[in-house]
Amino acid sequence: MTALEAQNLIVQEFSGYDDWEDKYRHIIKLGKDIPPMSDELHTEDNKVRGCQSQVWLHAEFNDGKVVFQGDSDAAIVKGLVALALRVYSHQTPQDIIATQPDFIQKIGLDTHLSPNRTNGFASMIKKIKTYGIAFSLLQQQA
Amino acid sequence: MSFDVKAIRRDFPILNETVHGKPLVYLDNAATTQKPQAVIDTIVDYYTHTNSNVHRGIHTLSQLATNQAENARHIVQKFLNAREDREIIFVRGCTEAMNLVAHSYGALHVNEGDEIIISAQEHHSNIVPWQMLCEEKKALLRIIPINDAGELLLDEYAKLLNERTKLVSVVHVSNTLGTINPIKEITAMAHKYGIPVFVDGAQAVAHFAVDVQDLDVDFYTFSGHKLYAPTGIGVLYGKAEWLEKMPPYHGGGAMIRSVSFEKTTYNELPFKFEAGTPHIEGVIALGAAIEYVWSIGLETISKYEDELLRYGTEQLSQIEGLRIIGTAAHKAGVLSFALADIHPHDVGTILDNDGIAIRTGHHCTQPLMERFGVPALNRASFAFYNTKEEIDALAAGLRKVVRMFVN
Ligand SMILES: Cc1ncc(COP(=O)(O)O)c(C=O)c1O
Numbered sequence: 008m009t010a011l012e013a014q015n016l017i018v019q020e021f022s023g024y025d026d027w028e029d030k031y032r033h034i035i036k037l038g039k040d041i042p043p044m045s046d047e048l049h050t051e052d053n054k055v056r057g058c059q060s061q062v063w064l065h066a067e068f069n070d071g072k073v074v075f076q077g078d079s080d081a082a083i084v085k086g087l088v089a090l091a092l093r094v095y096s097h098q099t100p101q102d103i104i105a106t107q108p109d110f111i112q113k114i115g116l117d118t119h120l121s122p123n124r125t126n127g128f129a130s131m132i133k134k135i136k137t138y139g140i141a142f143s144l145l146q147q148q149a
Numbered sequence: 123m124s125f126d127v128k129a130i131r132r133d134f135p136i137l138n139e140t141v142h143g144k145p146l147v148y149l150d151n152a153a154t155t156q157k158p159q160a161v162i163d164t165i166v167d168y169y170t171h172t173n174s175n176v177h178r179g180i181h182t183l184s185q186l187a188t189n190q191a192e193n194a195r196h197i198v199q200k201f202l203n204a205r206e207d208r209e210i211i212f213v214r215g216c217t218e219a220m221n222l223v224a225h226s227y228g229a230l231h232v233n234e235g236d237e238i239i240i241s242a243q244e245h246h247s248n249i250v251p252w253q254m255l256c257e258e259k260k261a262l263l264r265i266i267p268i269n270d271a272g273e274l275l276l277d278e279y280a281k282l283l284n285e286r287t288k289l290v291s292v293v294h295v296s297n298t299l300g301t302i303n304p305i306k307e308i309t310a311m312a313h314k315y316g317i318p319v320f321v322d323g324a325q326a327v328a329h330f331a332v333d334v335q336d337l338d339v340d341f342y343t344f345s346g347h348k349l350y351a352p353t354g355i356g357v358l359y360g361k362a363e364w365l366e367k368m369p370p371y372h373g374g375g376a377m378i379r380s381v382s383f384e385k386t387t388y389n390e391l392p393f394k395f396e397a398g399t400p401h402i403e404g405v406i407a408l409g410a411a412i413e414y415v416w417s418i419g420l421e422t423i424s425k426y427e428d429e430l431l432r433y434g435t436e437q438l439s440q441i442e443g444l445r446i447i448g449t450a451a452h453k454a455g456v457l458s459f460a461l462a463d464i465h466p467h468d469v470g471t472i473l474d475n476d477g478i479a480i481r482t483g484h485h486c487t488q489p490l491m492e493r494f495g496v497p498a499l500n501r502a503s504f505a506f507y508n509t510k511e512e513i514d515a516l517a518a519g520l521r522k523v524v525r526m527f528v529n
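Taken in order, these protein sequences are the chains called P and R.
Everything in the first sequence is counted per the numbering used here, starting at 8 for the first residue and increasing by one.
Everything in the second sequence is counted per the numbering used here, starting at 123 for the first residue and increasing by one.
As structure tokens, this is what we get:
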């Protein structure tokens, strides 16, 4: 599945929620369901700078695909991390670079992408993109 | 009580806003307060009728602007009960005032091995300028500790004072804990050693009357935007005898008497510390904000806000898993809490969807977060336009948060 296809699935999944409370409940559940990130990956290097909630992101490059793991100490942000992983993990660097996180706006959560300095999630998307660029450069060198 | 909160709310147009389709419940007043129509009108009037540079021109508008700005200085002098207008320096806010004093007082009086005392309650703006000064001068920063209620330990403070101490800088009301500190006592103790005292009044002046002569503090600062005035304008009060001895902070226009390339002589107070074109409409609007506060009366305001704080404390205490941080005997304006082990970012997000604005995060007091063993806190903070109904809405919102996150 491409990143775009993954986004479309998420948008479809969320179209069933018209009540914001239910939507957030679903996000919280998605966060709870992501496989736990091991302790040794909660490093300073993997920390995404955000003022209020802590977000961690780890990336590996396997067989031409970038594999992400992520975590947060805040439940809603962790749910958003889960969504971002569904879109961007196990994708090619090119796909990661080319795909904008439009789903966030489409499911009505764009406040979480505001350029507010308290916002760890926006920084995480940026970091995902940076990994995409870095791994595509690595590929070109190889 | 002749206090009609419904009428008061009509003075603040922003309180009619809706957020996510819900009426705005604004409980983030310690971060910044909303502005009454009188202040907004003052700014519009200034640009519509008066705009001109101050202390520069002989023409009518410049004189009008100068008169209005200097009248505002006089209003601030009365507001703080300073001895003279020239003891009132206009700055951008508390942060600039602290940097100014750290720089100008520090240049004169702080040397290697000297000590500066602050408290465990301080906002980063009352920590970092002193750290920078201490680093530069190889001086030492000493910290007055607090108890679990969030009150300063005066016995420990007494032990810190010595002949190497050059300045004591403490917050009047803690922005995180709400504690009202005994400034008069703190000042008297320092003055026994001839040590000047600087007080951060950011969270004090909107809640109760402050009399700098009665407190006998040497420096006092507040930010206009936490007192119903615009952002970018604040006040540094300093005893004239100190301000006269201190070198200027910024060089430029307005702060000089004569300039040649060999030597510049400085202007007199307060202009020595006001280099460049000031925030003129901010100054004038600050005067208007103080007059608005006076029209209600600080005593009335204190009484009403104390009742809000008491009611809020009582209502929130009934919520399961809620722990209030900051339980000092004397508090003003601020109600901080942890809610079970729910991250404040989650609490703030859910409340926001109900139109309720609170502050979540470390409140620029990271040392305090460490002291209380939390990464971040939730804070509701009150102004006289808030109501018990809004506190009920907050309590209901928090119960919803608990339902959503605890299971
Ligand atoms: C206690 C305290 N001191 C200082 C400040 C800094 O004020 P400003 O950002 O207006 O300079 C604040 C503002 O949050 C505060 O609460």
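Just so it is clear, CB atoms sit at the ideal spot from N, CA and C, and this is done for glycine as well.
Distance check for A13/P and G354/R, CA to CA, integer angstroms please.
So the two alpha carbons sit approximately 46 Å from each other.
Would you mind telling me which residues of chain P sit closer than 7 Å to I472/R, beta carbon to beta carbon, in chain order?
For I472/R, the chain P residues whose Cβ falls inside 7 Å of its Cβ are Y31, in order along the chain.
Heavy atom of ligand 1 within 7 Å of T217/R beta-carbon
Because some heavy atom of ligand 1 lies under 7 Å away, the Cβ of T217/R counts as near it: yes.
Measure from the alpha carbon of A451/R to the alpha carbon of each residue in S291/R, L149/R and D428/R, then state which is nearest.
Checking every option, the nearest Cα to that of A451/R belongs to D428/R.
Strictly below 8 Å CB to CB, what residues from chain P border T217/R?
Within chain P, not a single residue places a beta-carbon under 8 Å from that of T217/R; the smallest gap is close to 16 Å.
Expected contact under 8 Å - CB spacing of A376/R and H225/R to nearest Å
Contact doesn't hold; Cβ gap of about 18 Å is too wide.
Considering only C-alpha positions, which residue in the set V334/R, H329/R and V327/R is nearest to F320/R?
The candidate whose alpha carbon is nearest that of F320/R is V334/R.
Do you know offhand how far V141/R's Cα is from R264/R's?
Taking the straight line from one Cα to the other gives about 44 Å.
Could you tell me the distance, in whole angstroms, from the CA atom of D80/P to the CA atom of Q61/P?
Distance between the alpha carbons of D80/P and Q61/P is about 6 Å.
Sequence-distant residues of its chain with Cβ nearer than 7 Å to L391/R (five each side left out):
Within the same chain, R208, A362, L365 and E366 come within 7 Å of L391/R by CB-CB distance, once the 5 residues on both sides are set aside.
Check each residue of the stretch 66-97 of chain P: if its Cβ is closer than 8 Å to any Cβ of chain R, include it; give the result in chain order.
Listed in sequence order: D80, A81, A82, I83 and V84.
Within-8 Å CB hit, M220/R to chain P:
Not closer than 8 Å to any Cβ of chain P, the Cβ of M220/R fails to qualify, so no.
Give a yes or no on whether the C-beta atoms belonging to Y507/R and V213/R are separated by under 8 Å.
No, these two residues do not count as a Cβ contact at 8 Å.
Three-state secondary structure (DSSP) of E47/P:
DSSP places E47/P in helix when its eight states are reduced to three.
What residues from chain R crowd round S60/P, counting only those whose CB sits closer than 7 Å?
H465 and H467, listed in chain order.
Beta-carbon of M526/R versus every beta-carbon of chain P: anything under 8 Å?
At least one chain P Cβ lies under 8 Å of M526/R.
CB-CB under 8 Å to T435/R, same chain, minus the five flanking residues each way: which ones, in chain order?
Only I446 and L457 meet the Cβ criterion.
Can you tell me whether E492/R is buried or exposed, with buried defined as 16 or more other CB within 10 angstroms of its CB?
E492/R is classed as exposed because its beta carbon has fewer than 16 other beta carbons within 10 Å across all chains shown.
Where W27/P meets chain R, residues with beta-carbon distance less than 7 Å:
Simply N475.
Those residues which DSSP pairs with S503/R across a bridge:
DSSP, once it has assigned bridges, lists D150/R and V456/R as partnering S503/R.
Proximity below 8 Å, CB of A502/R to CB of T482/R:
The Cβ-Cβ distance between A502/R and T482/R does not fall below 8 Å.
Is R445/R helix, strand or coil when you go by DSSP?
For R445/R, the three-state secondary structure derived from DSSP is strand.
Boundaries (first-last residue) of the beta strand (DSSP E) holding D293/R:
The sequence shown places Val at residue 293/R, rather than the Asp named in the question. Bounds of the beta strand (DSSP E) holding V293/R are T287 to V293.
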